[in-house]
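Chains as they are written, first to last, in the numbering used here: chain A, -11 to 336; chain B, -11 to 336.
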């Protein structure tokens, strides 16, 4: 029996890049919306947006905005989530939070539906959407773990500027235009909006995403390490990460080295497992130069995996190239899929 | 006693990006040039170039071009080297070859002067300059090997388009301009000039450098693996590589994971060893956002190392971010340094 209930849905951060994508996906996927409430900061309030054929006026988010809301998508930065998520829960909403505010809270499930949808059953009001670079990696790691076991993950990322927001996209385009005109590039946003120093991203690579922690790793690297362990329920998994921002607008790529438990696994075995897994499209035919790229992955829903190779010296080692749209599966799509899985599993 | 001998020098591929850099370095470093012969294909012959205050006319390279030459720099592609290097040697020249034609020939020393200058002593006429991405990595690996031992290397590269020649630089700039104008990007050069399919590099990442081999690795990846083992005299070293082309004009970056033999080595120990090693500048101060980037490394001679971190689960594991100008230390500079070391060691 299909569940025919409809839901009152709020999007906090509705005018942002991810908020807009969430709204588009609710429409495209015919999400059972009874009422859509779009919320933003005071600055963006008053903006009018079309949802299907309905004009919706964006309102300033306040505690009272959540009265009667069933599902609240938060995508307006960690401080907004920290401030307003509790109000939404107190008014009876389930919060699906796209910031890092609650991800490592042991009472908050961190969900990628293909991987650990069942963890949402124990939620206490907030369900967290993982970091973009984590999501696409664990979608590929989970079927490998299930089939061959998994003992080590070492990832180097190739991340798009859209992960740092619309300002970062504009900065890349302005710097590129300046470079082509032989002018100086102005850097005011990247690598991290709130950090002390800024460097050009055009024609460059910045080995810093988010701020540095005391151990010399960036917060982005620690997110990938800690979130991967949490989502896979493997607190002792050996995970390492180096995160790099590049002059790419959308879609993150990852060079991932893994070690599995099982011996004698072939590249064909590995491809078959990935091909059969939910959410993954294998693009891997070296003889015909077929492999995933960020331009091809943009606006697509899947996690693309290619360059699947066995390590030349370690029978249990494999190399993968994993690409996905960081605004889609890395953010808005996974958020909406969490809500869909809550409905399917009758959690909301 | 300084050696005051001067040398008759030829550059084959004199009008190319690397050939021009070699000429500039011979001048900047006051290389003891008695006569400079600039050679090229018939197409570029006749071009006039200033070497210091002397105008030199580029000539078509023929077997007779090498009569009387002491040192011949070859940088005009593997097929030209295969065709003309023997002629140069037969006329008494030492060939320093910047192509992949002879690198893995067991009778040809493959030299990075900071690492294995002494290997040149047994040359039989040709000395090979390694692949750009290999050179900068082994400069950093050698002092680590000497001090702590080395058992494993796993590199993911972030490579600039200039490694694919001037046409690739033009293609990146044209595609970028088209993108900013909202036009379609035309791809005719990258990932590999002679391969079947071409993809845009602007705002993209291409996990293919050079052609694919039958084992699913690219020729570039196999160069890094095999050349590293040869230069370090470690045929059984576990080396893995994933090579990726990016929209960066100059300077390659590398995310390198290593495992060493010694236990209990600290990040400070590792930094000290790298800081004291020839050819390396350590740029590593996370608290002040100090790390190497390709824009900063361009036109510099050093190999820059930063983001030096101990692996969080393996006491013997370390992560490094290695950046260097692929046209300088990765090509022209190393080539000229080989010639300088031949003179110092009285091999030529």
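Glycine included, every Cβ here is placed at the ideal spot set by N, Cα and C.
Listed as beta-bridge partners of residue 140(B) by DSSP are 226(B) and 247(B). Around the beta carbon of residue 159(B), 16 or more other beta carbons lie within 10 angstroms, which makes this residue buried.
Within 10 angstroms of the beta-carbon of residue 297(B) lie 16 or more other beta-carbons, which makes it buried. The residues 131, in chain order, have a CB closer than 8 Å to that of residue 264(B) in the same chain once the five nearest residues on each side in sequence are set aside. Residue-level contact check: residue 161(B) touches chain A, since one or more beta carbons of chain A fall below 8 Å from its beta carbon. Between residue 207(A) and residue 183(A), the alpha-carbon positions lie close to 12 Å from each other.
For residue 307(B), the chain A residues whose C-beta falls within less than 7 Å of its own C-beta are 228 and 230, listed in chain order. When Cβ-Cβ separations below 8 Å define contact, residue 142(B) makes contact with chain A. Fully contained in the segment 228 to 289 of chain B are the following alpha helix (DSSP H) runs of length 4 or more, in chain order: 255 to 263 and 282 to 285. Counting other Cβ atoms within 10 Å of its Cβ, residue 101(B) reaches 16 or more and is therefore classed as buried.
Assigned with DSSP and collapsed to three states, residue 219(B) falls in helix. Less than 8 Å divides the Cβ of residue 63(B) from the Cβ of residue 6(B).
Under the criterion of beta carbons closer than 8 Å, residue 111(B) and residue 82(B) qualify as touching, at roughly 7 Å. With respect to residue -2(A), residue 61(A) sits close: the two C-beta atoms are nearer than 8 Å. The same chain holds no residue with a CB closer than 6 Å to that of residue 254(B) once the five nearest residues on each side in sequence are set aside. Straight through space, the alpha carbons of residue 157(A) and residue 316(A) are spaced by roughly 16 Å.
Contact between residue 322(A) and residue 211(A) is ruled out by a C-beta separation of about 15 Å, above the 8 Å threshold. It is roughly 15 Å from the alpha-carbon of residue 127(B) to the alpha-carbon of residue 288(B). At a cut-off of 8 Å, the C-beta of residue 266(A) has no neighbouring C-beta in chain B. Relative to the Cα of residue 135(A), the nearest Cα in the group 270(A), 250(A) and 333(A) belongs to 250(A). By the Cβ-count criterion, residue 216(B) is buried, with 16 or more other Cβ atoms from all chains shown falling within 10 Å of its own Cβ. Of all C-beta pairs linking the segment 37 to 53 of chain A to the segment 68 to 88 of chain A, three or more are shorter than 8 Å, placing the two stretches in contact. At least one beta carbon of chain B lies nearer than 8 Å to the beta carbon of residue 301(A).
In the DSSP annotation of this structure, residue 336(B) is not part of any alpha helix (DSSP H), being labelled neither H nor E. Nearest to residue 78(B) by alpha-carbon distance, out of 114(B), 213(B), 240(B) and 283(B), is 114(B). Sixteen is the threshold: when 16 or more other Cβ atoms of the shown chains lie within 10 Å of the Cβ of residue 240(B), as they do, the residue is buried.
Under DSSP, the beta-bridge partners assigned to residue -5(B) are 21(B). Shortest Cα-Cα distance from residue 17(B) to any of 335(B), 330(B), 325(B) and 336(B) involves 325(B). Leaving aside the five residues that flank residue 106(A) on each side, the residues in its chain whose CB is nearer than 8 Å to its CB run, in chain order, 333. Residue 306(A) has 246(A) and 298(A) as its beta-bridge partners, per DSSP. Interface residue (Cβ-Cβ distance to chain B less than 8 Å): residue 119(A) is not classified as such.
Here DSSP, grouped into helix, strand and coil, assigns residue 38(A) to strand. Residue 281(B) holds the alpha-carbon nearest to the alpha-carbon of residue 193(A) among 303(B), 281(B) and 90(B).
Taking 3 residues as the shortest admissible run, the segment 34 to 87 of chain A contains the following complete beta strand (DSSP E) segments, listed from N- to C-terminal end: 36 to 39, 42 to 45, 59 to 62 and 82 to 85. The beta carbon of residue 125(B) sits closer than 8 Å to those of 141, 143, 212, 216, 242, 244 and 310, all from its chain and outside the five residues before and after it, given in chain order.
Contact check for residue 145(A) against residue 232(A) passes: the beta carbons are separated by less than 8 Å.
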